[in-house]
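> Let me give you the structure first, and then I'll get to my questions.
Residue numbers (our numbering): 159 to 221.
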């Protein structure tokens, strides 16, 4: 059960891991969905507005 530690270049590992993270963020947060053209954060805002009853056919409401 002896594990060996393999030496790796910190620069190479950092570049690879950052690239994976950056691509993940771009795919999950930054690109609009093709179904409705909205980003996830925009969809959450609209959903919350719907839940709060902030609709275009209703009068302005202060918090």
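Think of the CB as a built atom: it goes at the ideal place given N, C-alpha and C, for glycine as much as any other residue.
Only a predicted model underlies this, so the values are computations on that prediction, with no experimental measurement involved.
Quick check: what's the CA-CA separation for residue 207 versus residue 198?
So the alpha carbons of these two residues sit roughly 14 Å apart.
> Does DSSP put residue 198 in a helix, a strand or coil?
Here residue 198 sits in helix by DSSP.
> Hey, residue 219 and residue 213 are a contact pair by Cβ (cut 8 Å); roughly how many whole angstroms apart?
Not really, about 10 Å apart at Cβ, beyond 8 Å.
> If you follow the alpha helix (DSSP H) that residue 161 is in, where does it begin and where does it stop?
No alpha helix (DSSP H) holds residue 161; DSSP gives it neither H nor E.
> Could you check the C-alpha separation between residue 215 and residue 202 for me, to the nearest Å?
If I take the Cα positions, the gap works out to 20 Å.
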